[in-house]
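Using the numbering used here, the letters of the first sequence correspond one by one to residues 92 to 451.
I have placed the structure first, in the form of structure tokens, so that the comments after it can refer back to it.
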Amino acid sequence: MLAFFDERQRELPWRETSDPYRILVSEIMLQQTRVETVVPYYRRWMQRFPDPASLAAADEEEVLRQWQGLGYYRRARNLQAAAREIVERWGGNVPGDAKALADLPGVGAYTAGAMASIAFGQAVPAIDGNVRRVMARLLDDPAPGAALLAREVGRLVDPHRPGDFNQALMELGATVCTPRSPDCAACPVSEGCRARAAGTQGERPRPPRKKEIPHRVEAVAVVVRPGPTGWEVLLRRRPASGLLGGMWECPGVDVGPHGSEVDEACVVEGAQDVALRAVMRQQPPTEMRPPPLLLDRVLPAVDHLFSHRRVTYRPVRFHAPAGLPASTSVRWVGFHALDPLPIPRAQERILGGAEPEEGV
DNA sequence: CAGGCGTGGGA
DNA sequence: TTCCCAAGCCT
């Protein structure tokens, strides 16, 4: 495995350093995310947040902005929380103790093992999806449990080069022992592979049963108004927890399952309703009258697939008068001043086709 | 332990 | 188009 790694490992930016912080950032970014996707994010991140102190001191909004497009945004919040813990509790140095690592927010069994072995040279296993698949095939076990995997990999890990060994196992899974059509001819350990001997490598590990993902329709209010430098749009910030936590978006509301009787009138009504709610929030409840929102037009639908649900956004554009106030969770932002705000992909697509053509 | 939690790329 | 993911973690 070590010879395989020495010969076949890919050149990756986080393999050019021994800085535990940099390795931590790469591990968090790589959770459920492709290497090719991570590389540019990693480079930009290291430019902006080169050490735990700079990350700890940053505005959370900028942290999320740097993460924009990577997905699973809780990782970004957790990473900043981890940086703050590293600064305050560990003097700015990532702790090398496996227990202390696992206590950091966003660091679970895999990441703690990866950090302990790769960054600190400890002979512990690091079991991710690749390793699970490789071991399931080597053992010809359709569903190896966590305890068995930890035991077996822990027994195999090289005490002199634990980090390289763990990465070799992952690299093998990523480039040779792939989920579909594994290249057994190129595998350095195919002779000891029980699934290969039995011809069952295509069935290991057993694929998990897939669940039906719900498809919802969401009415979206694109409320625009003339501003000093062009059109502005009303955005609200999502709650810190849950889907797209802390990201900014046009106000939207679920109006039912896709395929049901969701007609255009229903969409317009839902959008207007949620727009008014966003504008009215944090208003003096007494003399505030609902502001006039002029229906402009229904914009093209945007279909988006999340990890666990599918959403068809039905944006409707309204014009609002000047002078409506903002708050901590509601802002008016120029279409050409969206840069600093963390905005999810689907919202980018909605906003991309939402700016009025006419001048102010 | 099941389910929530993003995104983009390849088959 | 549709499906399957890809270096998991948290509740």
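Backbone N, C-alpha and C define an ideal beta-carbon position, used for all residues, glycine too.
Fair warning: this is a prediction, and the values are worked out from it, not measured in the lab.
If I'm right that Pro-196 touches Ala-172 with Cβ under 8 Å, what's the distance once you round it to whole angstroms?
Contact flag correct, Cβ pair sits at about 5 Å.
Using the Cα positions of Met-206 and Arg-329, report the straight-line distance between them to the nearest angstrom.
Cα to Cα, Met-206 sits roughly 32 Å from Arg-329.
Take the Cβ of Arg-113 as the centre, count every other Cβ of all protein chains shown within 10 Å, and call the residue buried at 16 or more, exposed below.
Arg-113 comes out buried.
Taking three-plus beta-carbon pairs below 8 Å as touching, is the stretch 164-182 in contact with the stretch 216-235?
Not touching, per the Cβ criterion.
Give every residue of the same chain whose Cβ lies closer than 7 Å to the Cβ of Ser-281, excluding the five residues on either side of it in the sequence, and list them in chain order.
Same-chain partners within the cutoff: Cys-275, Arg-287.
Quick check on this structure: which residue in Leu-230, Ser-398, Gly-444, Ala-362 has the alpha carbon closest to the alpha carbon of Lys-301?
For Lys-301, the nearest C-alpha among the options comes from Ser-398.
Check the C-beta distance from Glu-152 over to Arg-168 and give it rounded, since I have them as a contact under 8 Å.
Glu-152 to Arg-168, Cβ: 11 Å. No contact.
What are the start and end residues of each continuous alpha helix (DSSP H) run of 4 or more residues lying completely inside the stretch 114-183, in chain order?
DSSP runs (the alpha helix (DSSP H)) wholly in the stretch 114-183: 126-139, 143-148, 151-158, 165-181.
Specify, as a first and last residue, the run of the beta strand (DSSP E) that Val-346 falls within.
Segment 343-348, the beta strand (DSSP E) holding Val-346.
Could you work out which residue in Val-424, Arg-401, Asp-394 is closest to Glu-303 when comparing CA atoms only?
Closest option to Glu-303, Cα to Cα, is Arg-401.
Buried or exposed: which applies to Glu-102, given that a residue is buried once 16 or more other Cβ atoms fall within 10 Å of its Cβ?
Exposed, since its Cβ has fewer than 16 Cβ neighbours within 10 Å.
Is the beta carbon of Ala-312 sitting closer than 8 Å to the one on Val-424?
No. Outside cutoff.
With DSSP collapsed to three states, give me the class of Leu-386.
DSSP places Leu-386 in strand when its eight states are reduced to three.
Just verifying my parser: in three-state terms, what is the DSSP assignment at Glu-303?
Note: Glu-303 maps to coil in three-state DSSP.
Here's a check: name, in chain order, each residue in its chain whose Cβ is nearer than 8 Å to the Cβ of Arg-252, leaving out the five neighbours to either side.
These residues qualify, in order along the chain: Leu-93.
Can you check whether the CB of Pro-317 is closer than 8 Å to the CB of Ala-413?
Yes, these two residues count as a Cβ contact at 8 Å.
Note down, in chain order, each residue of its chain lying with its Cβ closer than 6 Å to the Cβ of Gly-347, except the 5 sequence neighbours on either side.
Only Val-308, Val-353 meet the Cβ criterion.
Rank Gln-100, Ile-119, Glu-448 by C-alpha distance to the C-alpha of Gly-321 and give the top, closest one.
Taking only the C-alpha atoms, the option nearest Gly-321 is Glu-448.
Tell me Trp-339's beta-bridge partners as DSSP assigns them.
Per DSSP, Arg-328.
Output the distance between the C-alpha atoms of Ala-217 and Ser-351, rounded to the nearest integer angstrom.
In a straight line, the C-alpha of Ala-217 is about 46 Å away from that of Ser-351.
In angstroms with no decimal places, state the Cα-to-Cα distance between Thr-291 and Val-365.
Between Thr-291 and Val-365, the C-alpha separation is close to 54 Å.
Checking 8 Å against the spacing of the C-beta atoms, do Gly-361 and Ala-310 come in under that value?
Taking 8 Å as the Cβ cut-off, Gly-361 and Ala-310 qualify as a contacting pair.
In this structure, how does DSSP classify Val-185 when only helix, strand and coil are distinguished?
In this structure, Val-185 counts as coil in the three-state DSSP scheme.
Given a cut-off of 8 Å, decide if Gly-337 and Tyr-163 are closer than it, judged by their beta-carbon atoms.
Their beta carbons are not under 8 Å apart, which means Tyr-163 does not touch Gly-337 by this criterion.
I need the straight-line Cα distance from Pro-279 to Arg-99, nearest angstrom please.
If I take the Cα positions, the gap works out to 11 Å.
Are Leu-161 and Thr-202 close, meaning C-beta to C-beta below 8 Å?
For Leu-161 and Thr-202, no; Cβs fall outside 8 Å.
With a 10 Å radius around its C-beta and 16 neighbouring C-beta atoms as the bar for buried, classify Ser-208 as buried or exposed.
When all chains shown are included, Ser-208 counts as buried.
Could you tell me the boundaries of the beta strand (DSSP E) in which Arg-405 lies?
Its beta strand (DSSP E) spans residues 401-410.
Quick one: what does DSSP say Leu-195 is sitting in, helix, strand or coil?
Coil at Leu-195, not helix or strand.
Can you list, in chain order, the residues of its chain whose CB lies under 8 Å from that of Ala-237, leaving out five sequence neighbours each side?
Once the five neighbours on either side are set aside, the close Cβ partners of Ala-237 are Ala-200, Ile-218.
Leu-396 lies in the beta strand (DSSP E); which residues open and close that run?
Taken as a continuous stretch (DSSP letters only), the beta strand (DSSP E) holding Leu-396 covers 393-396.
Can you tell me the Cβ-Cβ gap for Val-370 and Leu-415, rounded? I've got them flagged as a contact below 8 Å.
6 Å between Cβ atoms; contact.
Compare the Cα-Cα distances from Tyr-404 to each of Glu-439, Asp-97, Pro-296 and report the closest residue.
Checking every option, the nearest Cα to that of Tyr-404 belongs to Glu-439.
Beta-carbon within less than 6 Å of Leu-367's beta-carbon, same chain only, minus the 5 sequence neighbours each way: which residues are those?
Pro-381, listed in sequence order.
Counting along the chain, where does the beta strand (DSSP E) carrying Val-424 start and finish?
Residues 421-425.
Where do the N-terminal and C-terminal ends of the alpha helix (DSSP H) with Phe-211 fall, by residue?
First-last for Phe-211: undefined, no H or E at that position.
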